[in-house]
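Protein chains in written order, with this note's numbering: chain P, 2 to 208; chain G, 2 to 208. Just so you know, even glycine gets a beta-carbon here, dropped at the ideal spot from N, CA and C. The model shown is predicted, which means the values in this text are computed figures rather than measured ones.
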DNA sequence: AGTTAGTTTAATAAGTCTATTAATAATGTG
DNA sequence: CACATTATTAATAGACTTATTAAACTAACT
């Protein structure tokens, strides 16, 4: 009897709902379906979270914050050259998305749908990227001045990194279907694009 | 009295529905809402298209085909150098998305939701990219052999182009909100990223 | 004017969805 | 043990959905 088998109903609902929201999105997931999947009465969902929106937001906000924190974590960057820092950022971002491949679509869909939620997140998290941006921007200037890196802004670099990594995971379900990839081929594609995305960004930085 | 003011009801429904599907997606758009927006009875939607799925698919398929054709059109590429061909492809793809900024999200959402529809489109359109791919792959080989371009596959180049352009438009609603961009700033961002995406791909190709 | 084909509407069936309420079961506490 | 709190269920209200049916309206042709 693991202590986890006594997992609270509230926690089970949260975890089940998260999977279902990731799989089908907010609109296409009903509290009835969640309850059925959890194996409890539908009213219980509303007992714990009152509204479906509440349930969604509490899941979404914590998950988003968690991922956001990891993306902007600077502790692993110390003692790395500028190029290696960039490489590390691309790879870390890629790996976080790898572990949460359905999150990009959910974020894009639900933050476009709920601009209020976006404002809340923005206010709550705006301080997080600052450290990374300040460190990298300063170092980028030095590199540019030394002629080691092409003249560009760190924001543009970030934009490029996020674009390359994000797009891969938003297109993945379609790509897998079109190319009829099996698990091994999928794994290969991911490893290949992970390396390629690093290459692309580093090529872009060459003066 | 323009002859267009006598636009058929069927056409009006198609056009209105297209806008609403683009704006809110399939699940969040009801035939009731479409009818209301068109200004007709809700049963009329079903009279012309029988099901909501039918209506959606006939809009989606024709639109998708149209865009797909433009992306893989090769007529404008003749007499251009390899580098200029790549530049032209990136810019054309970007411009097509610019004119249809909401299509990327709709495609990503609905093709993931409807794998059958994806198979139909795949069978119907698989011949279209062939010409472009064959031309470009051949030329790419020559360039690589001459040491003018880094060793890579055309599929990888395509993947990169689509990623960079697609991601911009999927992130755009969020970016505009977060950065609180006005129309002029938005226009500037788009022009800037259009040029930047070309730069990124061309940098990547440098040996 | 009368018939017909095509268009549009009103009414409604059958189902799902969110959310609430009241009743019951389980658990903890003095 | 008795009481209070918490968890869970059944039942249901009320709104909204897709889709169908039959009736009404419109325009064209004979």
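Same chain, Cβ closer than 7 Å to residue i, neighbours up to 5 away in sequence not counted
i	result
residue 56 of chain G	18, 46, 50
residue 99 of chain P	191
residue 184 of chain G	none
residue 81 of chain G	89
residue 112 of chain P	118, 119
residue 162 of chain P	90, 91, 94, 202
residue 195 of chain G	92, 95
residue 21 of chain G	30, 34, 35, 38
residue 13 of chain G	39
residue 2 of chain G	Because the pLDDT of residue 2 of chain G is 29, which lies under 50, any placement of that residue in the model is unreliable, and the number read from its coordinates should be weighed accordingly. Same-chain partners within the cutoff: there are none.
Neighbour list for residue i in chain P, Cβ cutoff strictly below 9 Å
i	result
residue 197 of chain G	153, 157, 160, 161, 205
Within chain P, partners of residue i - CB distance below 8 Å
i	result
residue 106 of chain G	109, 110, 113
Own chain, CB closer than 8 Å to residue i, minus 5 neighbours either side, in chain order
i	result
residue 123 of chain P	none
residue 197 of chain P	none
residue 59 of chain P	15, 50
residue 129 of chain P	69, 70, 73
residue 11 of chain P	49
residue 4 of chain P	Because the pLDDT of residue 4 of chain P is 33, which lies under 50, any placement of that residue in the model is unreliable, and the number read from its coordinates should be weighed accordingly. Nothing listed; no residue qualifies.
Chain P contact for residue i (CB, 7 Å cutoff)
i	result
residue 116 of chain G	yes
residue 123 of chain G	yes
residue 32 of chain G	no
residue 174 of chain G	yes
residue 145 of chain G	no
residue 119 of chain G	yes
Beta-carbon gap between residue i and residue j smaller than 7 Å
i	j	result
residue 213 of chain G	residue 105 of chain G	This structure cannot speak to residue 213 of chain G, because chain G is shown only from 2 to 208.
residue 208 of chain P	residue 151 of chain P	yes
residue 83 of chain P	residue 144 of chain P	yes
residue 107 of chain G	residue 23 of chain G	yes
residue 61 of chain P	residue 133 of chain P	no
residue 29 of chain P	residue 29 of chain G	no
residue 205 of chain P	residue 201 of chain G	yes
residue 210 of chain G	residue 189 of chain G	Shown here, chain G extends from 2 to 208; a query on residue 210 of chain G therefore has no answer.
residue 26 of chain G	residue 110 of chain G	yes
residue 155 of chain P	residue 135 of chain P	no
residue 165 of chain P	residue 164 of chain G	yes
residue 53 of chain G	residue 32 of chain G	yes
Residue-chain proximity (residue i, chain G), Cβ-Cβ < 7 Å
i	result
residue 138 of chain P	no
residue 180 of chain P	no
residue 60 of chain P	no
residue 42 of chain P	no
residue 201 of chain P	yes
Contacts that residue i makes with chain G (C-beta to C-beta distance below 8 Å)
i	result
residue 168 of chain P	163, 164, 165, 167, 168, 171
residue 78 of chain P	Under the 8 Å cutoff, chain G gives no residues; its nearest Cβ is about 23 Å from residue 78 of chain P.
residue 28 of chain P	26, 28, 29
Proximal residues of chain G, C-beta to C-beta of residue i below 7 Å
i	result
residue 98 of chain P	Within chain G, no residue comes near residue 98 of chain P; the closest Cβ sits about 12 Å away, beyond 7 Å.
Nonlocal neighbours in the same chain, by C-beta distance under 6 Å from residue i, ignoring five residues either side
i	result
residue 199 of chain P	88, 91
residue 167 of chain P	105
residue 103 of chain P	23
residue 6 of chain G	Confidence at residue 6 of chain G is low in this model, with a pLDDT of 41, below 50, so the placement of that residue is unreliable and no value is reported for it.
Any non-hydrogen atom of the ligand FAD within 6 Å of residue i CB
i	result
residue 113 of chain G	Ligands are entirely absent from the displayed structure, and the ligand FAD is therefore not among its contents.
Checklist entry - How about the segment 34 to 43 of chain P and the segment 71 to 78 of chain P: do they share at least three Cβ pairs that are nearer than 8 Å? => result no
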